[in-house]
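A.B. asks: The numbering used here runs 110 ahead of the 1-based position in the sequence shown.
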Amino acid sequence: MKPKVLIGVTGCIAAYKAADIVSQLVKTNCDVRVIMTESATKFVAPLTFAALTQKKVITSTFPDTASGEKDVIYPHLYPATEADAFVVVPATANSVAKLAHGMGDDIVSCSALSLKSDCKRIFCPAMNFQMWEQPVVQDNVHKLLQYGWHQVGPEKGRMACGTSGFGRLSTQTVITQIILNSVL
Ligand SMILES: Cc1cc2nc3c(=O)[nH]c(=O)nc-3n(C[C@H](O)[C@H](O)[C@H](O)COP(=O)(O)O)c2cc1C
Numbered sequence: 111m112k113p114k115v116l117i118g119v120t121g122c123i124a125a126y127k128a129a130d131i132v133s134q135l136v137k138t139n140c141d142v143r144v145i146m147t148e149s150a151t152k153f154v155a156p157l158t159f160a161a162l163t164q165k166k167v168i169t170s171t172f173p174d175t176a177s178g179e180k181d182v183i184y185p186h187l188y189p190a191t192e193a194d195a196f197v198v199v200p201a202t203a204n205s206v207a208k209l210a211h212g213m214g215d216d217i218v219s220c221s222a223l224s225l226k227s228d229c230k231r232i233f234c235p236a237m238n239f240q241m242w243e244q245p246v247v248q249d250n251v252h253k254l255l256q257y258g259w260h261q262v263g264p265e266k267g268r269m270a271c272g273t274s275g276f277g278r279l280s281t282q283t284v285i286t287q288i289i290l291n292s293v294l
C-alpha cells in the first residue's frame, strides 16, 4: 500500500516550494493529498497541487455541497484521519500558533485535530528572522515539539523580504527526504 501523505500548505511566499515537494513525493509513489489555508491560496493556486496529485485540493472546512464523497461532506476528517504523515509546509507563525494551541478554524489546523495517534507530524517553519525570533513563536514551536511534532528547519540565509537570518524554509530535497524516511 502506498503511504498516505497529507500536505498542509499555509500562507507565505515559500508556498510555491511545496509544489516541488509534492511532485517529488508523487514520483516516489506516495499517495499525496494537499490541503491549503485561505492565505496559502493567495500565494499558489490550488490547481497547481490538484494537477500534481490528480486529486481535489481542500481549502475550506465547510463544503460547497452537502453530498458526494466523504471528503466533501467531512473535509475536517478526511483525508486527515487516514494520513500516515501530516506535513505543514511551509508553516507560518500563525499556523504554528494554531497547531500549538489546538485551534481548528481552518482546514489545515482542523485536520491536525483529526490525525490518528501514530500519524507522523512534521512542520517546516518559514518566516522573516524577526518573526522567527519572537519569544511567542519560539514558545509555540516548543509546545509543538512537546506534543510530538518533528521540526524541519528553518535554515539561515537570505529571505524573499530581502533580509538574512534564520527563517528560510529548509530545502525541498531535505524536507522530501525526511517525509519519505518517516513513512517508508
Ligand atoms: C507577502 C507576504 C509574505 C508573507 N510571508 C510570511 C512568511 O514567510 N511567514 C509567515 O509566518 N507569515 C508570512 N506572511 C503573513 C501570513 O500570510 C499571515 O500571517 C497569514 O494570516 C497566515 O495565514 P495561515 O497561517 O492561515 O496560512 C506573509 C504575508 C504576506 C502578505
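All C-beta atoms in this analysis are idealised placements derived from N, C-alpha and C, irrespective of residue type, glycine included.
Here the structure is a predicted model, which is why all the values come from computation and not from measurement.
Ordered along the chain, which non-local residues of its own chain (more than five positions away) have a Cβ less than 7 Å from that of Ile-289?
C.D. replies: In the sequence shown, the residue the question calls residue 289 occupies position 179. Contacts found: Val-115, Leu-135, Ala-195, Val-197 and Ile-232.
A.B. asks: Tell me which residue opens and which closes the alpha helix (DSSP H) that Ile-285 is part of.
C.D. replies: On the sequence shown, position 175 is the one that residue 285 refers to. 282-293 is the extent of the alpha helix (DSSP H) around Ile-285.
A.B. asks: Evaluate His-186 with the Cβ neighbour count: other Cβ atoms within 10 Å of its Cβ, from every protein chain shown; 16 or more gives buried, anything less gives exposed.
C.D. replies: Position 76 of the sequence shown, counted from the first residue, corresponds to residue 186. Result: buried.
A.B. asks: Which full runs of the alpha helix (DSSP H) of 4+ residues lie inside the segment 143-211, going along the chain?
C.D. replies: The qualifying runs are 150-153, 156-163, 180-183 and 203-210.
A.B. asks: Taking only the alpha-carbon atoms, compute the straight-line gap between Gln-282 and Met-237 and give it to the nearest angstrom.
C.D. replies: In the sequence shown, the residue the question calls residue 282 occupies position 172. In the sequence shown, the residue the question calls residue 237 occupies position 127. Answer to the nearest angstrom: the Cα atoms are 16 Å apart.
A.B. asks: Any idea which residues DSSP pairs Ile-123 with across the strands?
C.D. replies: Position 13 of the sequence shown, counted from the first residue, corresponds to residue 123. None; Ile-123 has no bridge partner.
A.B. asks: For Leu-116, which beta-bridge partners are listed by DSSP?
C.D. replies: Along the sequence shown, read from residue 1 onward, the residue named residue 116 stands at position 6. Arg-143 and Phe-196.
A.B. asks: Beta-carbon separation of Thr-163 and Val-142 under 7 Å?
C.D. replies: Taking the first residue of the sequence shown as 1, we reach residue 163 at position 53. Taking the first residue of the sequence shown as 1, we reach residue 142 at position 32. Yes; because the gap between Cβ atoms is below 7 Å, this pair is in contact.
A.B. asks: How many angstroms separate the CA atom of Ile-131 from the CA atom of Ala-124?
C.D. replies: Taking the sequence shown and counting its residues from 1, one reaches residue 131 at position 21. Taking the sequence shown and counting its residues from 1, one reaches residue 124 at position 14. Distance between the alpha carbons of Ile-131 and Ala-124 is about 12 Å.
A.B. asks: Measuring from the CB of Ile-123, is there a heavy atom of ligand 1 at a distance below 6 Å?
C.D. replies: Counting from one through the sequence shown, the residue named residue 123 turns up at place 13. Yes.
A.B. asks: Compare the C-alpha of Ser-170 against each of Ser-292, Cys-234 and Cys-220 and name the closest.
C.D. replies: Within the sequence shown, the letter at position 60 stands for residue 170. That would be Cys-220, whose Cα lies nearest to the Cα of Ser-170.
A.B. asks: By the three-class DSSP mapping on this structure, what secondary structure does Gln-244 have?
C.D. replies: As a first step, residue 244 must be located in the sequence shown, where it is residue number 134. Gln-244: coil per DSSP, three-state reduction.
A.B. asks: What does Ile-232 pair with, by DSSP beta-bridge criteria?
C.D. replies: Stepping through the sequence shown from its first residue, residue 232 is reached at position 122. Val-197 and His-260.
A.B. asks: Would you report the Cα separation of Val-247 and Ala-203, rounded to the nearest angstrom?
C.D. replies: Looking up residue 247 in the sequence shown gives position 137. Looking up residue 203 in the sequence shown gives position 93. For Val-247 and Ala-203, the distance between alpha carbons rounds to 6 Å.
A.B. asks: Mind checking who Gly-275 pairs with in its DSSP beta bridge?
C.D. replies: Within the sequence shown, the letter at position 165 stands for residue 275. In the DSSP output, where bridge partners are listed per residue, Gly-275 has Gly-267.
A.B. asks: Mapping DSSP to helix, strand and coil, what is Leu-223?
C.D. replies: Position 113 of the sequence shown, counted from the first residue, corresponds to residue 223. Coil at Leu-223, not helix or strand.
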